[in-house]
Amino acid sequence: MRTEVVSEPGAPDRPNEDFAGVGLPASGQGGCVIVLDGVTPPRGATGCLHSVPWFTARLGGALTELTVSRGDLTLREILERAIDRTAVAHADTCDLSHPRTPQATVVLSRWSEKTVEYLVLSDSALLLRSPRGTVTPVLDDRLDRVPRASLVSDAIADATVRNKEGGFFTAAADPSVAARAVTGTVPRAEVGALAALTDGATRWTEKFREGDWTALLDVIRKEGARALVDRVRELEAADRAERVFLRRSKTHDDATVVYVEL
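Residue numbers for the sequence shown follow the numbering used here, so the first one is 1053 and each next one is one higher.
What follows is the structure in structure tokens.
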């Protein structure tokens, strides 16, 4: 089995808000991949004493432990329990009802001898590559379908579309959001490799239009996960002044890639 994990902060002077993990049970059968993209809050109060990296580390750790140890639970049930466990850890000190309480996007995949299960919540991505080379993206595109007018400011987004019906959802403090995740199961024989990526890495395809999902996965497979992140950084630097592609987005975002050949 080949596995690669690369996670790089957008800037060296601030912490990486992403989380990446690969879990392999002691039984030697199956495994899991977890990728979280912590949501950077705007300046101002969040109702929480803790940082986004604290939250993604807590949630990611809970997801890893539950996914490896509780094969009897569905991925939605695992996400629900992990969110609840993380919320309990700071409910006594923080206002978890605040719209900017720490939160994250989620990619979760688990495989056994027979199946590959997946869960995606918000705008991180999971790519499944068949033994024949066909690449299937698993995406939660609700953020892309939100009216642009709802995203003109953080205050408007928080009041109208963030974790609201008709908007988009992230893993924060409400365990019921797990029911909103995109989930599915495919036969293990139909998946030769998979990649989980935060949107800082998927920029290569989604913002810079350098190639489709198949081309992106080919870069990882042939050159390595580090090569994809390096390519993104070069494109970001080249677009820094003109901002033809980046527009209002931050110049450099945390970028995480986890690649597994089954």
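We treat Cβ as the ideally placed atom computed from N, Cα and C, and that holds for glycine.
- Counting C-beta atoms within 10 angstroms of its own C-beta, serine 1176 has 16 or more neighbours from the protein chains shown and is therefore classed as buried.
- Beta-bridge partners assigned by DSSP to serine 1161: Val1085, Tyr1170.
- In the three-state DSSP reduction, leucine 1125 falls in the coil class, being neither helix nor strand.
- Per the coordinates, the alpha-carbon of threonine 1266 lies some 16 Å from the alpha-carbon of arginine 1283.
- Around the beta carbon of glutamine 1155, a 10 Å sphere encloses 16 or more other beta carbons of the protein chains shown; the residue is thus reported as buried.
- One alpha carbon belongs to valine 1168, the other to aspartate 1089, and they sit about 22 Å apart.
- With 16 or more other CB atoms across the displayed protein chains lying within 10 angstroms of its CB, serine 1161 is buried.
- With fewer than 16 other CB atoms across the displayed protein chains lying within 10 angstroms of its CB, proline 1183 is exposed.
- The criterion of a C-beta distance shorter than 8 Å is not satisfied by glycine 1112 and isoleucine 1135.
- With respect to the 8 Å criterion, alanine 1247 and tyrosine 1311 are classified as neighbours on the basis of their beta carbons.
- Nearest to serine 1059 by C-alpha distance, out of Ala1290, Arg1292, Gly1252, is Gly1252.
- In the DSSP assignment, leucine 1269 falls within the unbroken alpha helix (DSSP H) covering 1265-1275.
- By the criterion of a C-beta distance shorter than 7 Å, threonine 1222 is surrounded in its chain by Val1091, Gln1155, Ala1156, Thr1157, Leu1173, Ser1174, Asn1215, once the five residues flanking it on both sides are discounted.
- DSSP places glutamate 1313 in the strand class (E or B) of the three-state scheme.
- For leucine 1131 against alanine 1233, the beta-carbon gap comes to about 6 Å, under 8 Å, which counts as contact.
- As the crow flies, the alpha-carbon of cysteine 1100 is around 41 Å from that of glutamate 1275.
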